[in-house]
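Each step along the sequence shown adds one to the number in the UniProt record's numbering, with nothing skipped, and position 98 is 98. Backbone N, C-alpha and C fix where the C-beta goes; we use that ideal spot for every residue, glycine too. Heads up: the structure comes next, in structure tokens.
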Amino acid sequence: MGQPGDRSPAPGVVALVQDFVNTTDIEVGIDDMRTPADLVAFAEAHGLPAGEFTADDVEVCRAAREALRDAAQANAGVDLDDGGALDTLLARGPLTVRIAPSGEATARPAEGLRGADALLAELAAAIVASVAEGTWRRLKACAMDSCRWVYYDKSPAGRSRWCTMSICGSRAKMRAYRGRKG
């Protein structure tokens, strides 16, 4: 999925979460998660089992998308609620732990899940893996309220605030400058 400015997509498994959340572009009003067919297309594009989705699955996934966006804002240092909405949604897609002969443990979606529950389990597994990789806390939402695009913060200190400095960062700085000038 294309990123604003000069940003690279998130690395590894956290890219799945980034792509899922960015199925809507708040600033321009484009939403690529409107129908069950859109969910099938997303799953297929990411190599996930597509299965069948319903209109209810679309609503569940849209709620999960916004809860994940809130989590990305929390990663950027924004104080939000306790994350209970995200916990409740991700609990719909339980995980199992598998231990490889090498001793490596991985969290995988439980067997028999369908629709939104299967997709939420894939997202939950990606979050668990990204926490283990150390990439989860760098998945952030743009500080510009009209944007909130989810980006991967590659800055050395991990303190990036905007999806791209050349667009949202410049707008925020100009707004602050005008506020000081009165």
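Q.
Between which two residues does the beta strand (DSSP E) holding residue 26 run?
A. No residue range can be given for residue 26, since it is assigned to no beta strand (DSSP E) and is classified by DSSP as neither H nor E.
Q) Between residue 62 and residue 21, is the Cβ-Cβ spacing less than 8 Å? A) Not closer than 8 Å, so no.
Q.
Counting C-beta neighbours from all protein chains within 10 Å, is the total for residue 148 16 or more, i.e. buried, or is it exposed?
A. Taking a 10 Å sphere around the C-beta of residue 148, we find 16 or more other C-beta atoms and assign the residue as buried.
Q: Rank 91, 103, 30 and 120 by C-alpha distance to the C-alpha of residue 43 and give the top, closest one.
A: Here the closest residue by C-alpha is 120.
Q: Pull up the distance between the alpha-carbon of residue 97 and that of residue 105, whole angstroms please.
A: Put simply, the backbone Cα of residue 97 is about 7 Å away from that of residue 105.
Q: Mind reading off the beta-carbon distance from residue 13 to residue 155? Whole number of angstroms is fine, and I expect it under 8 Å.
A: Not quite, the Cβ-Cβ distance comes to about 21 Å (not below 8 Å), so this is no contact.
Q. Going straight from the alpha carbon of residue 10 to that of residue 142, what length do you get?
A. Their Cα atoms are separated by approximately 14 Å.
Q) Of the residues 152, 34, 94 and 158, which one's Cα is nearest the Cα of residue 6? A) Between residue 6 and the set 152, 34, 94 and 158, the nearest pair of CA atoms involves 152.
Q. Quick one: what's got a C-beta closer than 6 Å to residue 60's C-beta in the same chain, skipping five residues either side?
A. Apart from sequence neighbours up to five positions away, the residues of its chain that approach residue 60 with a beta-carbon distance below 6 Å are 116, ordered along the chain.
Q | Under 8 Å between C-beta atoms of residue 67 and residue 39 | A | The answer is no: Cβ separation not under 8 Å.
**Q.** Whole beta strand (DSSP E) elements within the segment 58 to 99, 3-residue minimum
**A.** The DSSP assignment places 95 to 99 as complete runs of the beta strand (DSSP E) inside the segment 58 to 99, in order along the chain (cut-off: 3 residues).
Q. Cβ atoms of residue 118 and residue 49: under 8 Å apart, would you say?
A. Contact check for residue 49 against residue 118 passes: the beta carbons are separated by less than 8 Å.
Q: Provide the residue span of the alpha helix (DSSP H) that contains residue 9, from first to last.
A: Residue 9: not part of any alpha helix (DSSP H); DSSP gives it neither H nor E.
Q) Taking C-alpha atoms, which residue in 18, 84, 53 and 76 lies nearest to residue 113? A) With distances taken between CA atoms, residue 113 lies nearest to 53 out of 18, 84, 53 and 76.
Q: Could you check the C-alpha separation between residue 122 and residue 28 for me, to the nearest Å?
A: Using only the alpha carbons, I get a separation of about 28 Å.
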